[in-house]
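Each remark here refers to the structure printed beneath this line.
There are 2 protein chains.
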Amino acid sequence: MKLHGYFRSAAAYRVRIALNLKGLSTEHLPHHLRKGEQCAPAYLAINPQGLVPALEDDAGAVLTQSLAIVEWLDETHPDPALLPADPLRRAKVRAFAMALACDTHPVQNLKVLNRLRQLGVPEEKVTEWAAWANREGLAACEALIAGESGPFCFGAMPTIADISLVPQLGNARRFGVDVSVFPRLLKAEAAAREMKAFADAAPDRQADAE
Amino acid sequence: MKLHGYFRSAAAYRVRIALNLKGLSTEHLPHHLRKGEQCAPAYLAINPQGLVPALEDDAGAVLTQSLAIVEWLDETHPDPALLPADPLRRAKVRAFAMALACDTHPVQNLKVLNRLRQLGVPEEKVTEWAAWANREGLAACEALIAGESGPFCFGAMPTIADISLVPQLGNARRFGVDVSVFPRLLKAEAAAREMKAFADAAPDRQADAE
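Chains as they are written, first to last, in our numbering: chain A, 512 to 721; chain B, 512 to 721.
Next comes the structure, spelled out in structure tokens:
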């Protein structure tokens, strides 16, 4: 398999964690987002959205959207499971992941921040925007798992909730968010960081890290 | 079951379609987004994200995030299926839905547009922003199903791709996007509109429509 990614992309980071948890290795093909390499015609032919990640399976089929890729990995390589078995628990795990993957990350991604810059929004307001999106999303997530004992977001093992959380906390810190106000999220992050699958997927451990 | 929604919310509209396709009826509890009712303490106790939809099941459990709710409906009421059986096809359907639910809709929702207004962005640029987000997302989706014969996005029956597409096309038109440049998407929409489940879920058919 081949994973098209970028060391700093939170969405690619999610897929790296899932691959590691499943014990799967892939060829990593970096596309430098700040240089616009994701908009090169050769990459747009692979993913018309011009976003990373994209995963090419061994037969050459292309999968896009990080959470769809993670669900596919979970369906085709069920062990260890990244979603609980009970439908209601699955819905809660997915909702947590989507609060980040839908309502948080896309509002603070490079494409949107560049659009703000094009509108003449000054740089400190652009950073404030990204911090706001992260704070809103993480605050909702803190509330969503307030009743969960952990140590992971939902129970004793990592799920797609943790896979989505760890990269987002990295983004939040990068934009200057005080994440100490989210103790339950930090507890889940600490449990995740003890796992090699999470540690090896970190941006600064990737070959294209700057 | 109780569905917390708003007639014009694309995310609530997705869940209404899915409920109708499954033949399930719910009590509808509207929250007027433009009046900020989704941020009332009583609603935040139900959904800390302050977004619609939220679904309360018969036991009082709360589900949030439209696609997580739709997946839960599909798991607990499998007939008719809203996802194909094959894992790779499931991944493609989910990726299409997420291109809209993650990268398009949240970038043009009321919360983000209001934030732009707070930054002093003039109203015509706010509308241009929303149109841009819709054009980008729909153009990617048009490419994602270019090789699919249809008539629905993925085959002869509606999936979560169509459930995500129809509300988004409504938003795109509302923001002045010329959707005639997406003929494959319009073909899927035309097939969907012939189904009562889609027609009955339309914003102008809801009790809180203005």
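The beta-carbon is built from N, C-alpha and C at its ideal position, and this holds for glycine as well.
### Bridge partner(s) assigned by DSSP for residue 663 (chain B)
B:666
### Query
If you run the structure through DSSP and keep just helix, strand and coil, what is residue 537 (chain B)?
coil
### Query
What does residue 609 (chain B) touch in chain A if you count any residue whose Cβ is under 9 Å from its own?
575, 576, 577, 578, 579, 609, 612, 613
### Query
Going by Cα to Cα distance, which pick from A:601, A:588, A:598, A:719 is closest to residue 535 (chain A)?
A:588
### Query
At least one CB of chain A closer than 8 Å to the CB of residue 642 (chain B): is that the case?
no
### Task
Output the residue ranges of the beta strand (DSSP E) runs that lie fully inside the region 661-710 of chain B and measure 3 residues or longer, sorted by chain position.
none
### Message
Just to confirm before moving on: does the CB-CB distance between residue 680 (chain A) and residue 621 (chain A) stay below 8 Å?
### Response
no
### Query
How would you list, in chain order, the residues of chain A whose beta-carbon sits under 9 Å from the beta-carbon of residue 563 (chain B)?
Within chain A, no residue comes near residue 563 (chain B); the closest Cβ sits about 12 Å away, beyond 9 Å.
### Query
Nearest to residue 675 (chain B) by CA position, among B:512, B:520, B:513, B:599, is which residue?
B:520
### Task
Answer yes or no: does any C-beta atom of chain A fall closer than 8 Å to that of residue 662 (chain B)?
no
### Query
Where are the alpha helix (DSSP H) runs, 4 residues long or more, that stay fully inside the region 515-595 of chain A, in chain order?
521-532, 552-555, 577-587
### Query
Who are the neighbours of residue 655 (chain B) on chain A, taking C-beta pairs under 7 Å?
559
### First through last residue of the alpha helix (DSSP H) which encompasses residue 598 (chain B)
598-612
### Query
Taking Cβ-Cβ distances shorter than 8 Å, what residues in chain A pair up with residue 582 (chain B)?
601, 602, 605
### Task
Out of B:627, B:707, B:625, B:582, state which residue places its alpha-carbon closest to the alpha-carbon of residue 604 (chain B).
B:582
### Task
Output, in chain order, the set of chain A residues within a Cβ distance shorter than 8 Å of residue 626 (chain B).
640, 643
### Task
Under the assumption that residue 528 (chain A) contacts residue 709 (chain A) (Cβ atoms under 8 Å), give the Cβ distance between them as a whole number of angstroms.
6 Å
### Query
Going along the chain, which residues of the region 683-700 of chain B sit with their C-beta nearer than 8 Å to a C-beta in chain A?
none
### Task
Would you please verify whether the beta carbon of residue 651 (chain A) is less than 8 Å from any beta carbon of chain B?
yes
### Query
Are the region 625-640 of chain B and the region 542-562 of chain B in contact at 8 Å, needing three or more beta carbon pairs?
no
### Query
residue 538 (chain B) versus chain A: which residues are under 9 Å apart at the beta carbon?
Going along chain A, no residue has its Cβ under 9 Å from residue 538 (chain B), so there is no contact; the nearest lies around 19 Å.
### residue 693 (chain A) versus residue 539 (chain B): straight-line alpha-carbon distance, rounded
33 Å
### Query
Can you check whether the CB of residue 655 (chain B) is closer than 8 Å to the CB of residue 610 (chain B)?
yes
### Query
Out of A:688, A:711, A:664, which has the shortest C-alpha to C-alpha gap to residue 699 (chain A)?
A:664
### Message
Quick check on residue 550 (chain A): buried or exposed, where buried means 16 or more other Cβ atoms within 10 Å of its Cβ?
### Response
exposed
### Query
Whose C-beta lies closer than 8 Å to the C-beta of residue 634 (chain A) among residues of the same chain, with five residues either side of it excluded?
628
### Sequence-distant residues of its chain with Cβ nearer than 7 Å to residue 684 (chain B) (five each side left out)
690
### Distance between residue 607 (chain A) and residue 657 (chain A) (C-alpha atoms, nearest Å)
12 Å
#### Entry: From B:652, B:704, B:560, residue whose alpha carbon lies closest to that of residue 615 (chain B)
B:652
### Task
Could you please give me the residues that DSSP links to residue 513 (chain B) through a beta bridge?
B:538, B:567
### Query
Can residue 585 (chain B) and residue 574 (chain B) be called in contact, C-beta distance under 8 Å?
no
### chain A contacts from the region 583-596 of chain B (Cβ-Cβ distance under 8 Å)
583, 586, 587
### Message
Please identify the residue among A:667, A:541, A:697 whose C-alpha is closest to the C-alpha of residue 591 (chain A).
### Response
A:667
### Query
Could you give the distance in angstroms between the alpha-carbon of residue 642 (chain B) and the alpha-carbon of residue 518 (chain B)?
20 Å
### 8 Å Cβ cut-off: residues of chain A touching residue 572 (chain B)
599
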